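Each residue of the sequence shown is one higher than the one before, counting from 0 in numbering that gives the first Met the number 0.
Quick reminder that beta carbons are idealized off the backbone N, C-alpha and C, glycines included.
On a predicted model such as this, the values are computed, not experimentally measured, just so you know.
Heads up, the thing below is written out as structure tokens.
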Amino acid sequence: MKSRLLRFASLFLLSLVLVTACNGTTTVTSRPEQPPLEVGYNRWTGLFPIAIASEKEFFTAQGVKVKPVYIQNFLDSVSEFAAGKYDGVAITVSSLMNIIGKNPDVQIVMATDESAGSDSIVVRPDIKSVPELKGKRLGVRLGEGELFVSEMLQKHGLTTDNVTLVNVEGEAVPARFKSGDIQAGHTWEPYLSEVTESGGRVLFSSKDTPGLISTVIVFRTSVVRDRPKDVQAFIRAWFQAQDYWQANPEESKALIAKTLSIKPEEVSTEGVKLYTLKDNIKAFTPGSTTESLYHTAKLYADFYIRTGGLSTAPDIQKLIVPSFVQQLQPGS
């Protein structure tokens with residue numbers, strides 16, 4: 000009896016499924032649509048591919064929704080990300096190490112560029128050499144820019160004790176320089192040109208410290224964990240945009256200028272090395288020079304621990320996720 004009842008129930012359910020299917024009312028449960036990845040970026044040349052990728056719909060073509068958030072001031076983008084805004088942000092390794100103590104749940108997924116001359120120490124025209132900085136007031140963002148200044152001084156037998164460091168943001172260096180408040184300062188483009196056009200000269204630049212000032216894309220750990228395909232698609236679109244920029248420089252310059260409301264002549268890669276996939280593979284490989292993100296991140300972490308910016312060293316192996324760029328290698 001039980002056997003007949005079970006057989007009858009099974010036949011009834013099968014018939015119901017077939018009828019439903021024939022009527023075209025089969026329901027397929029799908030994953031809820033993911034919101035766009037919100038990624039903050041600032042007015043730094045190495046980050047302009049995100050504007051191209053958005054305007055040319057490369058993100059959509061790669062299968063990911065992205066909402067780029069343009070914040071003109073670099074420090075504002077960092078502080079907003081640190082306050083919990085955005086899924087990801089473009090940030091220098093030095094700034095990342097500066098906030099990692101309070102924001103440990105982030106991971107580096109790609110490197111966008113390195114400063115290769117754009118970051119500079121500018122001085123009054125009468126200062127001809129680094130030793131002449133002794134006793135002078137040097138404007139620098141304390142913490143984040145100090146290691147760059149320290150590298151310059153150490154190369155010439157000096158330390159930060161030989162100068163007076165004044166806490167000045169890179170954007171404010173031209174005005175402070177002009178007022179005479181500082182005799183030297185650390186800044187970058189487009190503010191660097193303001194100083195040189197008013198009579199200042201470059202004494203030292205990031206050409207002398209390859210890889211030390213590099214910019215990366217970081218996402219919150221939860222995004223990397225829960226949306227790896229979206230992160231991978233974001234990176235593919237980034238490189239697609241970078242290739243497009245190289246192949247179509249004038250069109251891309253006009254597009255970037257319009258998107259960011261800046262002049263076309265302000266869109267220049269001079270002093271900036273855009274990182275290719277090959278550069279990323281090298282950067283995401285452990286090494287003993289600043290060509291490796293592992294080494295660079297440790298340099299900054301050690302510096303901040305030494306100067307009190309960090310109480311404990313971050314887990315560099317957990318912080319850096321090489322798998323995304325590695326998966327883009329031909330044959331991988």
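Other residues of its chain near residue i: CB distance less than 7 Å, five sequence neighbours each side excluded
i, result
"residue 318", "106, 107, 296"
"residue 54", "254, 258"
"residue 243", "51, 55, 251"
"residue 249", "none"
"residue 313", "99, 103, 300"
"residue 151", "120, 129, 203"
"residue 263", "252, 253, 256"
Cβ shell of residue i (< 8 Å), same chain only, five flanking positions each side left out
i, result
"residue 315", "293, 296, 297, 300"
"residue 128", "155, 202"
"residue 22", "Only weak support exists for where residue 22 lies, its pLDDT of 46 falling under 50; the value from the coordinates is given anyway. Cβ neighbours of residue 22 beyond the five flanking positions: none."
"residue 199", "121, 122, 123, 124, 176"
"residue 85", "37, 38, 39, 68, 79"
"residue 70", "39, 40, 41, 76, 79"
"residue 195", "121, 201"
C-beta atoms of residue i and residue j nearer than 8 Å
i, j, result
"residue 149", "residue 163", "no"
"residue 184", "residue 137", "yes"
"residue 91", "residue 212", "yes"
"residue 65", "residue 39", "no"
"residue 210", "residue 284", "no"
"residue 280", "residue 87", "no"
"residue 233", "residue 95", "no"
"residue 271", "residue 115", "yes"
"residue 182", "residue 126", "yes"
"residue 327", "residue 235", "yes"
"residue 193", "residue 173", "yes"
Closest Cα partner of residue i within the set the options
i, options, result
"residue 165", "139, 311, 64", "139"
"residue 332", "223, 41, 115", "Not covered by the structure: residue 332. The range shown for the chain is 0 to 331."
"residue 240", "226, 303, 273", "273"
"residue 325", "276, 206, 79, 169", "276"
"residue 33", "226, 152, 173, 303", "226"
"residue 153", "168, 208, 59", "208"
"residue 74", "124, 135, 48, 141", "141"
"residue 48", "161, 200, 59, 238", "238"
"residue 89", "304, 287, 214, 245", "214"
"residue 83", "263, 302, 221, 264", "221"
Same chain only: Cβ atoms within 6 Å of residue i, ignoring 5 sequence neighbours per side
i, result
"residue 268", "44"
"residue 261", "none"
"residue 321", "283"
"residue 81", "98, 102"
"residue 266", "252, 255, 256"
"residue 231", "323"
"residue 118", "187, 205, 212"
"residue 24", "Note that residue 24 scores 40 on pLDDT, short of 50, meaning its location in the model is unreliable; the coordinates nonetheless yield the value given after this. Answer for residue 24: no residue qualifies."
"residue 57", "236, 239, 240"
"residue 131", "none"
"residue 157", "none"
"residue 168", "140"
Which residues DSSP lists as bridging residue i, in chain order
i, result
"residue 39", "68, 88"
"residue 185", "120"
"residue 279", "Looking at the DSSP assignment, residue 279 forms no beta bridge with any residue, so it has no partner."
"residue 109", "216"
"residue 165", "138"
"residue 272", "113"
"residue 200", "122"
"residue 304", "The partner list for residue 304 (beta bridge, DSSP) is empty, contrary to what the question assumes."
"residue 319", "107"
Whole-angstrom C-beta distance between residue j and residue i, which should lie under 8 Å
i, j, result
"residue 146", "residue 197", "27 Å between Cβ atoms; not a contact."
"residue 122", "residue 191", "With a Cβ gap of about 12 Å, residue 122 and residue 191 do not count as contacting."
"residue 332", "residue 170", "Outside the displayed span of the chain (0 to 331) sits residue 332, for which this structure offers no information."
"residue 229", "residue 63", "5 Å"
"residue 100", "residue 309", "5 Å"
"residue 104", "residue 219", "6 Å"
Residue i CB to nearest heavy atom of the ligand ATP below 7 Å
i, result
"residue 148", "What this structure holds is no ligand at all, so the ligand ATP is not there to describe."
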